[in-house]
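Chemist: For the sequence shown, full-length UniProt numbering gives the first residue as 1, with consecutive numbering after it. Note that CB positions come from ideal geometry on N, CA and C, so glycine has one too. For clarity, every value in this text was computed on a predicted model and none was experimentally measured. Got a structure for you, written out below as structure tokens; questions coming shortly.
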Amino acid sequence: MRFSYPTMRKAERGVLIRYLSKVTGSSRQQLTRLLRQLRERGRLQRRHQTAVAFVWRCTAAAVRLLARVDDGHGTLSGPATTKLRERAWTVFAQPEYQSIFQSVNESETGGVNLERE
């Protein structure tokens with residue numbers, strides 16, 4: 001270890017942990033866990049992301065199309081935009097809305113968050 005942490009006195013270790021906390025933004029508990037892992041294993045091991053992040057189901061072209069609908073109608077609420085999208089496909093048979101209508105209806109959220117783009 002660069003700071004010879006194991007040979008430091010308790011007060012010195014506290015100063016080092018406070019310094020590392022300020023520099024890295026990590027909590028004292030997190031740094032203590034990492035230092036213990038370094039002492040026991042000789043190296044730090046990265047943790048991999050366990051949860052699957054939100055899956056974006058629409059293509060960039062679909063997002064542009066939805067943005068055009070949203071802008072054309074004065075940035076309506078999500079449910080109103082969803083209804084317009086649904087009517088464009090089911091009532092007016094506009095083929096460009098088919099993939100958007102089907103992909104969003106299959107998703108858990110039931111809508112598309114245009115604020116992400």
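1) Can we count A67 as close to the ligand FMN, meaning its CB is less than 7 Å from some heavy atom?
2) Which residues in the same chain have their Cβ closer than 8 Å to the Cβ of L16, if we skip the five residues on either side of it in sequence?
3) Roughly how many whole angstroms lie between the Cα atoms of G72 and L34?
4) Can you tell me which of the three DSSP states R46 falls into?
5) Answer with buried or exposed for R85, where buried requires no fewer than 16 other C-beta atoms within 10 angstroms of its C-beta.
6) Since R28 contacts S21 with CB under 8 Å, what's their CB separation in whole angstroms?
7) L44: buried (16+ other C-beta within 10 angstroms of its C-beta) or exposed?
8) For G42 and T82, I'd like the C-alpha separation in whole angstroms.
Modeler: Once the coordinates are examined:
1) The ligand FMN is absent from the structure shown, which contains no ligands of any kind.
2) Counting from 1 along the sequence shown, the entry for residue 16 is found at position 16. Excluding sequence neighbours, L16 sits near F3, Y5, M8.
3) Position 72 of the sequence shown, counted from the start, is the residue given in the question as residue 72. Position 34 of the sequence shown, counted from the start, is the residue given in the question as residue 34. Going by the C-alpha atoms only, they are around 53 Å apart.
4) By 1-based counting over the sequence shown, the position of residue 46 is 46. In this structure, R46 counts as coil in the three-state DSSP scheme.
5) Here residue 85 refers to the residue found at position 85 of the sequence shown. Label assigned to R85: buried.
6) Mapped onto the sequence shown, residue 28 falls at position 28. Mapped onto the sequence shown, residue 21 falls at position 21. Indeed, because the Cβ distance is near 6 Å, the residues count as touching under 8 Å.
7) One-based indexing of the sequence shown puts residue 44 at position 44. Its Cβ having fewer than 16 others within 10 Å, L44 is exposed.
8) Along the sequence shown, one-based indexing puts residue 42 at 42. Along the sequence shown, one-based indexing puts residue 82 at 82. Each residue's CA atom was taken as its position, placing G42 and T82 some 54 Å apart.
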